[in-house]
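Colleague:
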Amino acid sequence: MSQPNPSAPTLGPGFWEKFALLDRRIIFAFIFLGLALPLFYTIRQPIPVSPEGRAYYQSIENLPAGSKVLLSFDYDPPSSPELQPMAEATFKQLFTKNCKLVVIGLWPQGPQQAEQALATALRDPRFKDKKLEYGVNYANLGYMAGNEIVIQKMNADIISTFPSDYKGNATASLPIMRGVRNYKNFDFIINFSSGFVGTREWVQFCVDRSGAKMIAGNTAVQAPENYPYFRSGQLKGLLAGMKGAAEYETVAGQPGKGISFMGSQSVAHLVVILFVILGNIAYFVSRRKW
Amino acid sequence: MMRREIPLFITSVVGFIFVIRFFIPHEPFYSLEDVSSSWIQVIQAFAIWLGILNLLKVSLDKIYKKERGWGYSGVIIFSFLAISIAGFFFPLWEERPAGYSYLQHAREFLKPGTSFDWFYWYVYSPLSSTMFATLAFFIASASFRAFRARSFQATLLLLSGFVVMFGSVPVGNVLFGWLPAGWQVSDIADWVRNVPQVAGQRAIQIGIALGIISTSLRLILGLERAHLGREE
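Residue numbers (my numbering), protein chains in the order written: chain U, 254 to 543; chain A, -8 to 223.
(1) Would you tell me roughly how many angstroms separate the C-alpha atoms of S134 of chain A and L126 of chain A, rounded to the nearest one?
(2) Please tell me whether S417 of chain U and Q366 of chain U are closer than 8 angstroms, where the distance is taken between their beta carbons.
(3) Give a yes or no on whether the minimum CB-CB distance between Y115 of chain A and chain U is below 8 angstroms.
(4) Go ahead and pull the three-state DSSP assignment for F441 of chain U.
(5) Residues in the same chain with beta-carbon distance under 6 angstroms from L(-1) of chain A, minus the five sequence neighbours each way, listed in chain order, please.
(6) What alpha helix (DSSP H) runs, 4 residues minimum, are completely inside the stretch 396 to 442 of chain U?
(7) Please list, in chain order, the chain U residues whose beta carbon lies closer than 8 angstroms to that of L83 of chain A.
(8) Check each candidate in A:S22, A:F110, A:P16, A:A140 and name the one with the smallest Cα separation from R540 of chain U.
(9) Just list the beta strand (DSSP E) runs in the stretch 298 to 350 of chain U, keeping only unbroken ones of 3 residues or longer that don't cross its boundaries, in chain order.
(10) Mind listing the chain A neighbours of G421 of chain U? Cutoff is C-beta to C-beta under 7 angstroms, in chain order.
(11) Determine the contact status of P338 of chain U and K489 of chain U, defining contact as a CB-CB distance below 8 angstroms.
(12) From the DSSP output, in three-state form, read off Y387 of chain U for me.
(13) Do the CB positions of E478 of chain U and R462 of chain U come within less than 8 angstroms of each other?
(14) Listing by chain order, which chain A residues have their CB less than 7 angstroms from the CB of Q518 of chain U?
(15) Specify the secondary structure class of A535 of chain U as computed by DSSP and reduced to three states.
(16) Taking its Cβ as the centre, do 16 or more other Cβ atoms sit within 10 Å of N444 of chain U, making it buried, or is it exposed?
(17) Quick check on K489 of chain U: does DSSP put it in helix, strand or coil?
(18) Would D329 of chain U pass as an interface residue toward chain A - the criterion being a Cβ-Cβ separation below 8 angstroms?
(19) Using a beta-carbon distance below 8 angstroms, is Y93 of chain A in contact with chain U?
(20) Given I512 of chain U, which residues of its chain have a CB within under 6 angstroms of its CB, disregarding the five upstream and five downstream residues?
(21) Spatial neighbours of F514 of chain U within its chain, please: CB distance less than 6 angstroms, with the 5 preceding and 5 following residues excluded, ordered by chain position.
(22) Would DSSP call S255 of chain U helix, strand or coil?
(23) Taking CB distances under 8 angstroms as the criterion, tell me whether A521 of chain U reaches chain A.
(24) Could you tell me whether the Cβ of I39 of chain A comes closer than 8 angstroms to any Cβ of chain U?
(25) DSSP three-state call for L101 of chain A: helix, strand or coil?
(26) Run the CB neighbour count on H522 of chain U, radius 10 Å, all protein chains shown included, and call it buried at 16 or more, exposed below.
(27) Rounded to the nearest angstrom, what separates I211 of chain A and F528 of chain U at their Cα positions?
(28) In angstroms with no decimal places, state the Cα-to-Cα distance between F37 of chain A and V183 of chain A.
(29) Could you tell me whether the Cβ of N45 of chain A comes closer than 8 angstroms to any Cβ of chain U?
(30) Taking all protein chains shown into account, do 16 or more other C-beta atoms lie within 10 angstroms of the C-beta of R59 of chain A, making it buried, or fewer, making it exposed?
(31) Please report the distance separating the alpha-carbon of G168 of chain A from that of Q298 of chain U.
(32) Which of the residues in the stretch 384 to 403 of chain U, read from start to end, lie with their CB under 9 angstroms from any CB of chain A?
(33) Are the Cβ atoms of E198 of chain U and F483 of chain U separated by less than 8 angstroms?
(34) On a CA-only basis, which of U:A273, U:A423, U:I300 is nearest V165 of chain A? Give me that one, please.
(35) From the beta carbon of I468 of chain U, is the nearest beta carbon of chain A less than 8 angstroms away?
(36) Answer yes or no: do L427 of chain U and G464 of chain U have a C-beta to C-beta separation smaller than 8 angstroms?
As structure tokens, then:
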């Protein structure tokens, strides 16, 4: 390693060598400020919509009014900042089109996340006159253990797979479930997922076997593994992370949490990029013989 | 001997049922697959209990032996008891709707306003979200230390990382707004995600699928026995 040169300028190797060993708590402090401060300000930024985000919106928009849609909530609270805004905006768009919604969860926490998203959507003044009723316009069948086996069993018989709903009612007694046997009785399937069991299993065990049409909302970390399914047409649309939520809110004309959180994400990305650039400068300067 | 052969036989039969059902979607394979799926579901549900009991055993052992970090095990036991009591026994201290039996009321543990619901939204949800959120800090710190242009491949990774990071936030297009239409940083990021990334993912997924097929065949044919433990 080169020795610091006393005649070097202030930002000489000594400085950069020290910078390369920067205390991580300083980086943490910058990230904290980068994430927290934008939450107190309204930062208006034009949000470009990706083809997969536009396809997600358009797929729902193309559904005939009154279509029956199955939604699977396969995530837990840590992923809710990314997935909850998507879920809320999706419920709103589906209710606008008078769709009948059946919710399930393959993660134990999924149905509770769905209940929260439903409650938020139902508070929207646009749906006050529609008098949306539980069991008729929407239903939550709750959680079922078994991961991909549940997806497979639903292809045979949904009611025997979910004998009772989230509230303890017999699933067969719900008016919305009348005439529903398997995926063929749903016009569309939507999956929100943050890992296993999730979108990949839905594509493999539901879409490929039953030919169902499906779109998905994923966390940014998970989305890359599902891009091939979007490219192959097995997924009709895909939202990736908080950016995906913001894109969907933009194209659907429903500004919400996704758009408002983009300010924080923008600044945090800039901070990380800045530190990576400075880290590389430190690396090259430290390697140089002064 | 029977301890190995019976599990091997069950594995083989169930494996064959699923394979045959895929190619011949008719009775009796249809019903056989349904029964096998139900068994798997029951086993998985029991596995949750097994996991809970194992966690309790490990945690209690740690506390008993006063091993390093035993305090955390105490927190696990306390949290487990607190949320279990809130879930199973809340009708004891909460007002029961008229005409409801204890069990009827207990089934509604997920309803908004119950003790379990309170724990979920005001304890579990913020704590688990906090744990996940700390990742942002560690990723930033790790990127600073590890994301170096040490070689051509590393430089390529670094540049594509920059493009995707800039392209994933609206500020990227604001900073690079001078780029021609169709070449905006978000367009380039979309291309990276949809072309080279997809090619890589496909290669990985095809590799995984081939691995699963060969391992499954070895399991079904009884050639793979590692899951049965060591032979005595």
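Heads up, the beta-carbon is just placed ideally off N, CA and C, and yes, glycines get one too.
Computed from a prediction, not measured in an experiment: that's the story for all the values here.
Modeller: With the structure as the only source:
(1) Each residue's Cα considered, the two are about 12 angstroms apart.
(2) no
(3) yes
(4) strand
(5) G213
(6) 401 to 407, 411 to 414
(7) What L83 of chain A touches in chain U: nothing, since even the nearest Cβ is about 19 angstroms away.
(8) A:A140
(9) 321 to 327
(10) R98, E99
(11) no
(12) strand
(13) No; because the gap between Cβ atoms is not below 8 angstroms, this pair is not in contact.
(14) V160
(15) helix
(16) Per the 10 Å Cβ criterion, buried.
(17) coil
(18) yes
(19) no
(20) A499, E502
(21) M495
(22) Low per-residue confidence applies at S255 of chain U: pLDDT is 48, beneath 50, and the placement is therefore not dependable enough to give any value.
(23) Chain A contact via Cβ: present.
(24) yes
(25) Of the three classes helix, strand and coil, the one that applies to L101 of chain A here is coil, per DSSP.
(26) buried
(27) The alpha-carbon atoms of I211 of chain A and F528 of chain U are separated by roughly 52 angstroms.
(28) 44 angstroms
(29) no
(30) exposed
(31) 12 angstroms
(32) G395, M397, A398, G399, N400, I402, V403
(33) Outside the shown range of chain U (254 to 543) lies residue 198 of chain U, about which nothing can therefore be said.
(34) For V165 of chain A, the closest alpha carbon among the candidates U:A273, U:A423, U:I300 is that of U:I300.
(35) no
(36) In this structure, G464 of chain U does not lie closer than 8 angstroms to L427 of chain U by Cβ.
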